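Residue numbers (my numbering): -18 to 103.
Even for Gly, the Cβ is constructed at its ideal location relative to N, Cα and C.
The model shown is predicted, which means the values in this text are computed figures rather than measured ones.
Below is one structure, written out as structure tokens; comments come after it.
Written out as structure tokens, the structure is:
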């Protein structure tokens, strides 16, 4: 049975995050999927990302109003290992990510963990 996960938390004051967003033209963040002995084709599942400002974004590589992503490593599609997605945006208010929602029955796969990397503002 799938259990809901807690939201990801960041140890930063709201005012500090606001200044980082104002002063930055771009932001990026990695999502790391660790899959143990379960083949997971992450890119064939719809993924929604909730950001700290409360917005939900559908994650597609070609959508104009979504967050862009690059695949850094893709081991989960064929075996156990890691899949690393690098999320980037030219609208820094879209990061950091605080919650991930998987569609298309992805939540029924139990043998995986997710790590969210730090946000890089530039």
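Per-residue burial, residue 76 [other beta carbons within 10 Å of its own, 16 or more giving buried]: buried
Would you decide whether residue 64 is buried or exposed? Buried here means 16 or more other CB atoms lie within 10 Å of its CB. buried
For residue 51, which beta-bridge partners are listed by DSSP? 67
Going along the chain, which residues of its own chain have a beta-carbon closer than 6 Å to the beta-carbon of residue 1, five neighbours each way excluded? 102
Could you compute how far the alpha carbon of residue 71 sits from the alpha carbon of residue 28? In a straight line, the C-alpha of residue 71 is about 20 Å away from that of residue 28.
What is the C-beta distance between residue 8 and residue 60, in whole angstroms, given that I count them as a contact (C-beta under 8 Å)? The Cβ separation is near 32 Å, so there is no contact.
Residue 10 burial status per 10 Å Cβ neighbour count (16 or more: buried): buried
Taking the alpha-carbon of residue 14 as reference, which of -3, 92 and 100 has the nearest alpha-carbon? 92
Three-state secondary structure (DSSP) at residue 28? Look at residue 28 here: in three-state DSSP terms it is strand.
If I follow the unbroken alpha helix (DSSP H) through residue 10, where does it start and stop? From DSSP, residue 10 is part of no alpha helix (DSSP H) but of the beta strand (DSSP E) over 8 to 16.
For residue 34 and residue 94, what's the separation of their Cα atoms in angstroms? Residue 34 and residue 94: Cα-Cα distance of roughly 24 Å.
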